[in-house]
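J.: Right, I'll just put the structure down here and ask away after.
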Amino acid sequence: MKMPRKPRKWATVKPGGLYGWKKTQSDATRHRILSKAVNKDSYATIIRRMNQLRNITKDKKTKQLMEKDMEYLKKKYRK
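Spelled out as structure tokens, the structure:
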């Protein structure tokens, strides 16, 4: 007998959850914002928020920039 499938739960990412990250900003600006965000919250929290937004967005440019910025954070903070 199969277990009933649970509905997927998405955490609500409130506006400002990424401390002002916008796809229209330059790489350096986005990286500076994300570094400050990691210092305020934590690496795991910021990566989770970015991953969630990357997964639910339909905009390809936003998705690509999220992946690029997540790689930047991984190289800088992951040990």
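Numbering (this note's numbering), first residue to last: 1 to 79. For glycine and all other residues, C-beta sits at the position ideal for the given N, C-alpha and C.
With three or more beta-carbon pairs closer than 8 Å as the criterion, would you say the segment 55-74 touches the segment 8-28?
T.: yes
J.: Let me check understanding here. Comparing Cα to Cα, which of PRO7, LYS61, ARG54, ARG30 lies closest to TYR72?
T.: Numbered from 1 along the sequence shown, position 72 holds the residue referred to as residue 72. Nearest C-alpha to TYR72: ARG30.
J.: Quick check on ALA28: buried or exposed, where buried means 16 or more other Cβ atoms within 10 Å of its Cβ?
T.: Your numbering for residue 28 matches position 28 in the sequence shown. Exposed, because fewer than 16 other Cβ atoms sit within 10 Å of the Cβ of ALA28.
J.: Hey, ARG49 and GLY16: beta-carbon distance below 8 Å or not?
T.: The residue labelled residue 49 in the question sits at position 49 within the sequence shown. The residue labelled residue 16 in the question sits at position 16 within the sequence shown. In this structure, GLY16 does not lie closer than 8 Å to ARG49 by Cβ.
J.: Can TYR77 and VAL38 be called in contact, C-beta distance under 8 Å?
T.: As a position in the sequence shown, residue 77 is number 77, starting the count at 1. As a position in the sequence shown, residue 38 is number 38, starting the count at 1. Result yes, Cβ atoms of TYR77 and VAL38 sit closer than 8 Å.
J.: Between ARG54 and MET3, what straight-line distance do the alpha-carbon atoms span, to the nearest angstrom?
T.: Counted from its first residue, the sequence shown places residue 54 at position 54. Counted from its first residue, the sequence shown places residue 3 at position 3. If I take the Cα positions, the gap works out to 29 Å.
J.: DSSP on LYS6, reduced to helix/strand/coil?
T.: Here residue 6 refers to the residue found at position 6 of the sequence shown. Coil at LYS6, not helix or strand.
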